[in-house]
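Presented below is the structure to which this report refers.
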Amino acid sequence: MTTLSFSLAPESLFQLHDALTCLAKFHDTVAIEAEYDILRLSVLNPTKTAYTAFVFEADTFFESYSFALPRNGTSSRDARPDRFCCQLYIKALLSVFKGRTKDKDTAVERCDVELREDLDQTECRFVIRMICGLGVIKSYKLTYEAANVNHAVFDRTKTTNQWSIDPKFLREITDHFSPSAEQLDISSEGGKAIFTSFTTKITDGKEILKKPVHTSVAIDKRDFEYFLVEDSLHVAIALKDFKAVIAHAESANTMITARYTRPNRPMQLAYDFGGIKTEFTLMTRGASDDEVPQSSRAPELSARQTPAPVTVRQASTSNSRNMPPPPPRARSIRPLTGTPSASARGTETEPSAETQRPPASIDFDSLFVPADDDRQWDVPNEDEETEDRLGWDATGDHETFNASLGRLRDTESSMPPQDTSHEDDMGIPPTQRISQVSQLPAPQQ
Amino acid sequence: MRFRTQLCNVTTFSKLIGSLSSLGKVCWMRLEDGIIRFTIIPDQGTQVWAQLPVDAIFEESTYILEANSGVINLEVPVGALHRALRSAVAATSTQLRLTKKGNVPLLALTIHASSWTTGSNALGIADADQAATDHATVSGPRERETVIAQEVPVKVLHELSVEGLHEPRCRDPDVHIILPSLFQLKSISERFTKLATDSKGAGTALSSVAPKLELSANMHGSLKLAIATDSLRISSVWTDLVNPALDPAQLSQTELEQLPSERMRAFRDDDEAGWAKVRIDGKDWGRVLSVGRLSPKVVACFIHETALVLYVYLPGNGDDSCLTYYINSYAA
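Residue numbers (full-length UniProt numbering), protein chains in the order written: chain A, 1 to 445; chain B, 1 to 332.
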């Protein structure tokens, strides 16, 4: 039985809330990984172009932290048997870890979080208890889903370009950009660092007036703590991601550091403060020059068509020795097939049944990604699970599963007919599908 | 074709463009020697014809205009230009020029802004050790300069395509009056429209058309704002407003005496016949009143049951800078 429990002081609680607010800007589910000395929250965005991780150090961030794994529970397949992973709806967590309240009397004095995960129990929950003033105790129980979490690996030693700056200056820059701008190009020339916003929207030649406004802001390199960048090198990232990072960095009151090599390689923005280490690994693209055909430089497009996320794949080339080839992320793109790897009542340590499907179907599925958020919950993994087809007996739960399948189908009339062979791959859903608990958890006392 | 200038009154320019942008998405900007005109002709709603002397918003000594016809006509997305001008409000200097990128003509704003940084105290943090060491390397207080370039795509209009556009012509007004504070007028108008719409929604809601505001005035300094539905009738009256005299230089004495407004003045101030009335859409009226941000002097000319023409004079420019709003009256 995995045990995890920790307590948070009010100050840490607010920081956790800020972190969740930031993570929520990337995607709607957060992966939680517990290790002996850290707790990591990470999010990979749906297009797999941005990976965000907040690492909370056990000794400094928490008032108390304890984590233990069962001796026999881990499987040899798991690359990291020393951790526990699961994923949760960020919205659910945000509603629990609210920001600062004005109500002084019943302000939170301490927060205890405990993981109740027992293979013999049907209910596995995160139990969060807010101990507030005047003896008020609010407890929340959140369901979670098993997940196989992968990290975007970024090799800092290979960094060739690096700068560090007060995020306040970056926010002043992004304030000038049009709200509809999508991309941010970063370059330098002479003594200036230039930030240019642009949009790769293909507009009809006649609709000149609907073309986006191009904004570029040049600031002095002296505004940076240090700025070691190859001159006239252009890299571009998604502006929305950049804004999400600087908003959090500004609230954390800390310097932000960017590291990158060249276009079409990931850029990492990072900063550490008060027992929290953050990293934001963002895919970059080439320069914003208009003459480049727009469709030819869209890394995230190609990423959609291949099973592996770009950020991970790119980075792993230099790290293949100490990391297994990163498989696609749990919430990868695929048709509705049940929840095989979640078969073990909410843990990833159980074998799961899944066959690797032909790439063609993945391409096909990618068209349907936006249509169905719920499917992103379904299959944690594709590659790692190939050897486990016979890992469980589905007969007992077949009916309940089919019921849930049918209900899902009701809402997805546009779904293509299911390949019946997938039924073999079905798994037992975790204790409860998160989609079933869409109502936010209510305080129980 | 060349156009380049330094902006000298960014706040006015920005507010002007801002109030225009509430009425339409694109505006026809006409640059001439000495005069700039902005015109908005939406498919529906109020037209604006604005005319300003160059020095109202541009630095006349830097104003360069070269074109075969001596005129440059541009179609400008006002919303985007307004947004771009926001970067310039606190700037030390701003240049506006017409340029081209590929095949796209652009109005390019080059903005130099400077701010003061206090160096290591900029963040005001002393408690975080990490940050404190980081800041040790930052130099002391100094001036930071930021250069912002905003490129707004525009369309260059040929003289032929704007030839057919003319300012509306109306008959002489029945009543002309200086409006009270636009802010007050706006909030009362909005309140009335909301009340009327709410009461309508609660009732039978036979017609989907929102109730119209009734605006009327007489030549004895009174202005009335009213709205009526089946269930309510509400009105506000301003008194002691000014009915400005018309320029005697433009009209002869007999012409002046025959003006409809003089006939209206002849009615006693409690006589219903002395009032000229128009019906206008509350939402459209709200957009028109957004020009209040320029704190102008506004003369409203009422043409009974036909139209309302507003002459909006910008402060500090005499009568040279004038925005003219043409608002049609709805039938009863």
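Positions of the beta carbon are idealized from the N, C-alpha and C atoms, including for glycine.
Closer than 7 angstroms to chain A by CB, residue i
i: B:R97; result: no
i: B:I148; result: yes
i: B:T77; result: One point to set straight first is that residue 77 of chain B is Pro, not Thr, in the sequence displayed. With 7 angstroms as the cut-off, B:P77 counts as an interface residue toward chain A.
i: B:E151; result: yes
i: B:G18; result: no
i: B:S21; result: no
i: B:V26; result: yes
i: B:S87; result: yes
i: B:A84; result: yes
i: B:A56; result: no
i: B:R263; result: no
i: B:R144; result: yes
i: B:A91; result: no
i: B:A80; result: yes
i: B:I125; result: Its pLDDT being 44, under 50, B:I125 is placed unreliably in this model, and the coordinates cannot settle the point.
Per DSSP, cross-strand counterpart(s) of residue i
i: B:A217; result: B:L223 and B:A276
i: A:D22; result: Residue 22 of chain A is actually Cys in this sequence, not Asp. Bridge partners of A:C22: none, in fact.
i: A:Y140; result: A:I128
i: residue 389 of chain B; result: Since the first and last residues shown for chain B are 1 and 332, residue 389 of chain B lies out of range.
i: B:A307; result: B:I303 and B:N328
i: B:W285; result: Beta-bridge pairing links B:W285 to no other residue.
i: A:K192; result: A:E189 and A:D220
i: B:V237; result: B:K224
i: A:D272; result: A:K277
CB contact below 7 angstroms: residue i versus chain B
i: A:V292; result: Unreliable placement is indicated for A:V292, whose pLDDT of 39 sits below 50; the coordinate value is still reported in the next sentence. No, A:V292 does not count as interfacial toward chain B.
i: residue 446 of chain A; result: Chain A is shown only over 1 to 445; residue 446 of chain A falls outside these bounds and no answer can be derived.
i: A:L209; result: yes
i: A:T174; result: no
i: A:A218; result: yes
i: A:S251; result: no
i: A:V213; result: yes
i: A:S178; result: yes
i: A:S296; result: Per-residue confidence for A:S296 stands at a pLDDT of 38, beneath the threshold of 50, marking its modelled position as unreliable; no derived number is given.
C-beta contact flag for residue i and residue j at 7 angstroms
i: B:Y311; j: B:T324; result: yes
i: B:A149; j: A:S216; result: yes
i: A:L170; j: A:L4; result: no
i: B:V175; j: B:A217; result: yes
i: B:V309; j: B:Y326; result: yes
i: B:K15; j: B:L289; result: no
i: A:S7; j: A:E63; result: yes
i: B:H112; j: B:V147; result: yes
i: B:A88; j: A:V213; result: no
i: B:I17; j: B:H82; result: yes
i: A:E225; j: A:S164; result: yes
i: A:T160; j: A:T261; result: yes
i: A:K141; j: A:V127; result: yes
Selection from the options that minimises the alpha carbon distance to residue i
i: A:A249; options: A:L233, A:N264 and A:I276; result: A:I276
i: A:L211; options: B:N103, B:S329 and B:I327; result: Note that residue 211 of chain A corresponds to Lys in the displayed sequence, not to Leu. For the residues B:N103, B:S329 and B:I327, the minimum Cα distance to A:K211 belongs to B:N103.
i: B:D230; options: B:L259, B:A196 and B:S222; result: B:A196
i: B:E32; options: B:T239, B:S14, B:A210 and B:E159; result: B:E159
i: A:S139; options: A:T159, A:D185, A:C111 and A:D18; result: A:C111
i: A:A238; options: A:N45, A:V229 and A:A9; result: A:N45
i: B:H220; options: B:S252, B:F192 and B:I177; result: B:I177
i: A:F97; options: A:V108, A:C85 and A:S187; result: A:V108
i: A:L134; options: A:Y144, A:E145, A:P263 and A:T106; result: A:T106
i: A:C86; options: A:T2, A:D175, A:L184 and A:I173; result: A:T2
i: B:R30; options: B:D284, B:Q258 and B:V162; result: B:V162
i: A:L93; options: A:D155, A:L16 and A:T278; result: A:L16
i: B:L74; options: B:F3, B:K155 and B:P244; result: B:K155
i: A:T284; options: A:K141, A:L209, A:F61 and A:Y51; result: A:Y51
i: A:D272; options: A:A53, A:D241 and A:D175; result: A:A53
i: B:S21; options: B:V291, B:F302 and B:C322; result: B:V291
query: Would you say the segment 183 to 197 of chain A touches the segment 141 to 149 of chain A, given that touching needs at least three Cβ pairs under 8 angstroms?
result: Pairwise C-beta distances place the segment 183 to 197 of chain A out of contact with the segment 141 to 149 of chain A, as fewer than three of them are shorter than 8 angstroms.
message: If contact is defined by three or more beta carbon pairs under 8 angstroms, each pair taking one atom from either stretch, is the segment 256 to 263 of chain A in contact with the segment 25 to 36 of chain A?
response: no
query: When the Cβ atoms of the segment 60 to 73 of chain B are set against those of the segment 10 to 22 of chain B, are three or more pairs found closer than 8 angstroms?
result: No, the segment 60 to 73 of chain B is not in contact with the segment 10 to 22 of chain B.
message: With three or more C-beta pairs closer than 8 angstroms as the rule, is the segment 91 to 100 of chain B touching the segment 180 to 197 of chain B?
response: no
Cβ contact check for the segment 44 to 54 of chain B and the segment 169 to 183 of chain A: 3 or more pairs under 8 angstroms: By the Cβ criterion, the segment 44 to 54 of chain B is not in contact with the segment 169 to 183 of chain A, since fewer than three pairs of Cβ atoms, one from each stretch, lie closer than 8 angstroms.
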